[in-house]
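Below is one structure, written out as structure tokens, with a few remarks after it.
4 protein chains.
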Amino acid sequence: MKKMIIGVMGPGTGAKAQDLENAYELGRLIAERGWVLLTGGRNVGVMDAASRGAKAANGLTIGILPTSDKTGISPAVDIPIITDLGNARNNINVLSSDVVVACGMGAGTASEIALALKSDKKVILLTDDREAKAFFSQLSPNHVMLSNSPEAAIGLISPGS
Amino acid sequence: MKKMIIGVMGPGTGAKAQDLENAYELGRLIAERGWVLLTGGRNVGVMDAASRGAKAANGLTIGILPTSDKTGISPAVDIPIITDLGNARNNINVLSSDVVVACGMGAGTASEIALALKSDKKVILLTDDREAKAFFSQLSPNHVMLSNSPEAAIGLISPGS
Amino acid sequence: MKKMIIGVMGPGTGAKAQDLENAYELGRLIAERGWVLLTGGRNVGVMDAASRGAKAANGLTIGILPTSDKTGISPAVDIPIITDLGNARNNINVLSSDVVVACGMGAGTASEIALALKSDKKVILLTDDREAKAFFSQLSPNHVMLSNSPEAAIGLISPGS
Amino acid sequence: MKKMIIGVMGPGTGAKAQDLENAYELGRLIAERGWVLLTGGRNVGVMDAASRGAKAANGLTIGILPTSDKTGISPAVDIPIITDLGNARNNINVLSSDVVVACGMGAGTASEIALALKSDKKVILLTDDREAKAFFSQLSPNHVMLSNSPEAAIGLISPGS
Numbered sequence: 212m213k214k215m216i217i218g219v220m221g222p223g224t225g226a227k228a229q230d231l232e233n234a235y236e237l238g239r240l241i242a243e244r245g246w247v248l249l250t251g252g253r254n255v256g257v258m259d260a261a262s263r264g265a266k267a268a269n270g271l272t273i274g275i276l277p278t279s280d281k282t283g284i285s286p287a288v289d290i291p292i293i294t295d296l297g298n299a300r301n302n303i304n305v306l307s308s309d310v311v312v313a314c315g316m317g318a319g320t321a322s323e324i325a326l327a328l329k330s331d332k333k334v335i336l337l338t339d340d341r342e343a344k345a346f347f348s349q350l351s352p353n354h355v356m357l358s359n360s361p362e363a364a365i366g367l368i369s370p371g372s
Numbered sequence: 212m213k214k215m216i217i218g219v220m221g222p223g224t225g226a227k228a229q230d231l232e233n234a235y236e237l238g239r240l241i242a243e244r245g246w247v248l249l250t251g252g253r254n255v256g257v258m259d260a261a262s263r264g265a266k267a268a269n270g271l272t273i274g275i276l277p278t279s280d281k282t283g284i285s286p287a288v289d290i291p292i293i294t295d296l297g298n299a300r301n302n303i304n305v306l307s308s309d310v311v312v313a314c315g316m317g318a319g320t321a322s323e324i325a326l327a328l329k330s331d332k333k334v335i336l337l338t339d340d341r342e343a344k345a346f347f348s349q350l351s352p353n354h355v356m357l358s359n360s361p362e363a364a365i366g367l368i369s370p371g372s
Numbered sequence: 212m213k214k215m216i217i218g219v220m221g222p223g224t225g226a227k228a229q230d231l232e233n234a235y236e237l238g239r240l241i242a243e244r245g246w247v248l249l250t251g252g253r254n255v256g257v258m259d260a261a262s263r264g265a266k267a268a269n270g271l272t273i274g275i276l277p278t279s280d281k282t283g284i285s286p287a288v289d290i291p292i293i294t295d296l297g298n299a300r301n302n303i304n305v306l307s308s309d310v311v312v313a314c315g316m317g318a319g320t321a322s323e324i325a326l327a328l329k330s331d332k333k334v335i336l337l338t339d340d341r342e343a344k345a346f347f348s349q350l351s352p353n354h355v356m357l358s359n360s361p362e363a364a365i366g367l368i369s370p371g372s
Numbered sequence: 212m213k214k215m216i217i218g219v220m221g222p223g224t225g226a227k228a229q230d231l232e233n234a235y236e237l238g239r240l241i242a243e244r245g246w247v248l249l250t251g252g253r254n255v256g257v258m259d260a261a262s263r264g265a266k267a268a269n270g271l272t273i274g275i276l277p278t279s280d281k282t283g284i285s286p287a288v289d290i291p292i293i294t295d296l297g298n299a300r301n302n303i304n305v306l307s308s309d310v311v312v313a314c315g316m317g318a319g320t321a322s323e324i325a326l327a328l329k330s331d332k333k334v335i336l337l338t339d340d341r342e343a344k345a346f347f348s349q350l351s352p353n354h355v356m357l358s359n360s361p362e363a364a365i366g367l368i369s370p371g372s
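Protein chains in written order, with my numbering: chain R, 212 to 372; chain W, 212 to 372; chain P, 212 to 372; chain E, 212 to 372.
Spelled out as structure tokens, the structure:
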């Protein structure tokens with residue numbers, strides 16, 4: 212059986228300190244459970260922190276890059292997928308993830324959540340952004356779940372794990 | 212000088228009666244001002260209603276289709292662009308529009324708004340969805356504008372027109 | 212009925228003088244017949260020459276740009292479609308064209324011909340590249356046609372016109 | 212250091228028996244050298260055979276799927292990347308590969324070779340198609356190499372290995 216792929220999406224340069232801490236811990240916990248981590252692959256923000264967390268626990272990390280080569284890739288990405296699609300690659304991020312965890316908030320992250328919901332993917336929000344939680348929860352009540360910590364988010368991915 | 216291209220984005224099969232009415236009127240007003248209308252091109256919902264409105268005023272209509280051929284295209288689309296990109300085509304919709312008007316709300320529409328904001332496009336919301344208005348206004352206060360009618364939305368595109 | 216869209220594909224900076232002359236004439240003849248011209252939209256090579264030819268005959272020109280904004284667009288493009296997809300936009304070029312004319316040869320042009328054939332599109336070659344003609348003719352004998360002049364190419368699009 | 216990613220591209224349902232045999236052996240040899248195999252991910256033709264060969268030697272296999280879900284995926288793919296891009300995903304195949312090996316020939320394969328050459332990737336042809344070899348060799352003499360067997364192709368990837 213193929214391993215579960217968990218996508219962790221969140222801001223790049225605009226990430227807050229708490230988002231980075233959460234992303235690192237999400238990456239670590241995902242790797243510990245034997246799952247594969249998928250991110251947007253760049254060397255900034257939530258993508259980079261989650262990938263570093265996963266590598267700290269010997270996980271496998273995939274990065275779906277928006278660029279035409281490996282410029283700006285996180286050193287913690289094992290498998291770089293080079294798309295040259297700009298933000299259109301956000302749809303690949305979510306389609307390739309069995310579950311999406313949104314860690315923090317921004318325009319790019321909001322696009323990934325919305326694209327995930329459009330394709331009926333399960334999305335777990337880990338953010339203190341009230342308006343985001345209110346909006347996405349009513350947009351797709353059956354697919355959006357809220358969490359307050361990386362541990363809680365992981366618990367929502369697979370309750371029994 | 213190239214003509215202004217105005218993107219009208221909104222739900223397909225999930226559009227409400229009010230959204231359809233607004234979309235038709237938006238299309239009509241856009242065409243009257245000599246602008247080009249761009250939509251997602253399908254024969255349902257806001258895309259179709261806006262395109263029909265524009266044709267009623269002899270406008271030019273572009274449809275950016277997610278499919279691999281013209282199946283399901285709105286008969287009111289003059290210029291079909293066939294992308295075969297699924298929802299990734301949403302990024303083309305917003306990049307190709309000088310201004311984006313979101314008419315109604317849904318997951319696909321939310322992705323288009325978020326992608327537009329990610330690329331610093333001006334987005335005008337025409338919806339009664341309070342959570343959407345609260346979320347996007349705080350996400351990008353300098354690029355999001357609210358309107359209560361098609362006429363108000365058109366006025367925000369180009370105040371003097 | 213929607214107007215026919217004819218795609219003219221060919222080298223950018225690597226185009227030969229003869230390719231540019233042919234492209235200009237193709238654009239002119241396409242516009243004269245009332246068809247819409249579609250190209251890759253940039254201000255170089257075959258794309259630019261064909262678009263200028265079409266505008267000289269008051270045609271309508273669409274440009275499918277690989278970039279994220281209008282930088283580098285041909286001034287002869289009426290309808291710019293901004294894809295930010297790099298060379299992946301080549302698939303949109305051919306899917307959106309009812310018939311593809313390849314004017315000259317290069318790696319990008321070869322990719323467009325091959326993608327067109329993969330989608331069972333009719334492709335007309337206007338080039339003196341013997342190896343290209345031999346290769347594509349045997350790859351897809353039912354979809355590839357050879358021409359020796361812009362007039363001959365136009366004749367192959369629609370024999371009776 | 213990241214592992215080398217070798218892309219093996221070739222026909223799906225149209226693959227010949229010799230292509231399938233070569234693809235299986237290419238996959239096996241790639242895995243034996245500790246490289247990662249990347250293919251178009253479907254359960255037919257060269258993609259499937261190469262992935263099975265790599266798994267037989269305990270390699271890691273990536274599949275870049277054109278579809279919107281895992282329908283039709285090769286069971287020998289470890290890491291499915293779901294693009295929903297149709298043939299536009301061919302550009303991701305080649306951009307994500309450090310070296311491309313074309314095993315057999317067809318319209319899709321030709322598009323991948325051409326896209327690879329457009330991005331200055333090294334392409335190794337393993338095919339008995341004379342016209343293909345003549346065309347691509349003159350199109351890009353510095354990036355195209357010819358081989359007569361899987362072993363020879365592997366030798367061209369990394370002469371000292």
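Glycine residues also receive a C-beta, built at the ideal position from the N, C-alpha and C atoms. Bear in mind the structure is a predicted one, so any value in this text is a computation, not a measurement.
- In the DSSP assignment, M215(R) falls outside any alpha helix (DSSP H), carrying neither H nor E.
- Taking CB atoms only, G297(R) has a neighbour in chain P less than 8 Å away.
- DSSP places P277(R) outside both helix and strand once states are collapsed to three, so it counts as coil.
- Apart from the 5 residues on each side of it in sequence, G297(R) sits with its Cβ closer than 7 Å to the Cβ of P277 in its chain, given in chain order.
- For V247(P), the enclosing beta strand (DSSP E) stretches over residues V247 to T250.
- By the Cβ test, the segment 232-251 of chain W is in contact with the segment 353-362 of chain W, since at least three Cβ pairs between them sit closer than 8 Å.
- Within the same chain, and ignoring the five residues on either side of M316(R) in sequence, the residues whose Cβ sits closer than 6 Å to its Cβ are T338, D340 and A343.
- Per DSSP, the unbroken beta strand (DSSP E) holding L337(P) starts and ends at K333 to L337.
- Following the DSSP letters along the chain, one finds I292(P) inside the beta strand (DSSP E) bounded by residues I290 to I293.
- Using a Cβ-Cβ distance cut-off of 8 Å, the segment 215-223 of chain P and the segment 250-264 of chain W are not in contact, since fewer than three pairs of beta carbons, one from each stretch, lie closer than that value.
- If you check the CB distance, A321(R) and L350(W) come in under 8 Å.
- Below the 8 Å Cβ cutoff, chain P contributes G297 as neighbours of S279(R), in chain order.
- Under the three-state reduction of DSSP output, A313(R) falls in the strand class.
- Burial state of N302(E) is buried, judged by a 10 Å Cβ sphere holding 16 or more other Cβ atoms.
- Closest in C-alpha terms to D295(R), from the list G252(R), N269(R), L328(R) and W246(R), comes G252(R).
- Residue contact check for T294(R) against chain E: a CB pair falls below 8 Å.
- Taking the beta carbon of G319(E) as reference, the chain P residues within 8 Å of it are A325 and K329, listed in sequence order.
- The C-beta separation of I292(W) from I335(W) comes to about 23 Å, leaving the pair out of contact by the 8 Å criterion.
- Residues of chain R with a Cβ closer than 7 Å to the Cβ of L350(W) are, in chain order, A318 and A321.
- At least 8 Å separates the CB of A313(W) from every CB of chain R.
- Excluding sequence positions up to five before and after L328(R), its CB lies within less than 8 Å of the CB of V334, F347, L350, S351, H354 and V355, all in the same chain and listed in chain order.
- A Cβ-Cβ contact shorter than 8 Å links S308(R) with I217(R).
- When Cβ-Cβ separations below 8 Å define contact, E342(P) makes contact with chain E.
- The beta carbon of I365(W) sits no closer than 8 Å to any beta carbon of chain P.
- By alpha-carbon distance to K213(E), the top candidate from G319(R), S330(R) and P286(R) is P286(R).
- Here T282(W) is exposed: its Cβ has fewer than 16 other Cβ atoms, across all protein chains shown, within 10 Å.
- CA-CA distance, A318(R) to A299(R), rounds to 13 Å.
- For V257(E), no beta strand (DSSP E) run applies; the uninterrupted alpha helix (DSSP H) run containing it begins and ends at G256 to A267, by DSSP.
- The straight-line gap separating the alpha-carbon atoms of R263(R) and T272(R) is approximately 9 Å.
- When 9 Å is used as the limit between beta carbons, A226(P) is near no residue of chain E, the shortest such separation being about 15 Å.
- Taking N304(W) as reference, the option from I284(W), V288(W) and G274(W) with the minimal CA-CA separation is G274(W).
- By DSSP's assignment, T272(E) forms a beta bridge with L248(E).
- Taking a 10 Å sphere around the C-beta of N233(W), we find 16 or more other C-beta atoms and assign the residue as buried.
- Listed along chain P is no residue with a C-beta nearer than 8 Å to that of A260(E); the closest approach is about 20 Å.
- Within the DSSP bridge table, the entry for I284(W) names R253(W) as partners.
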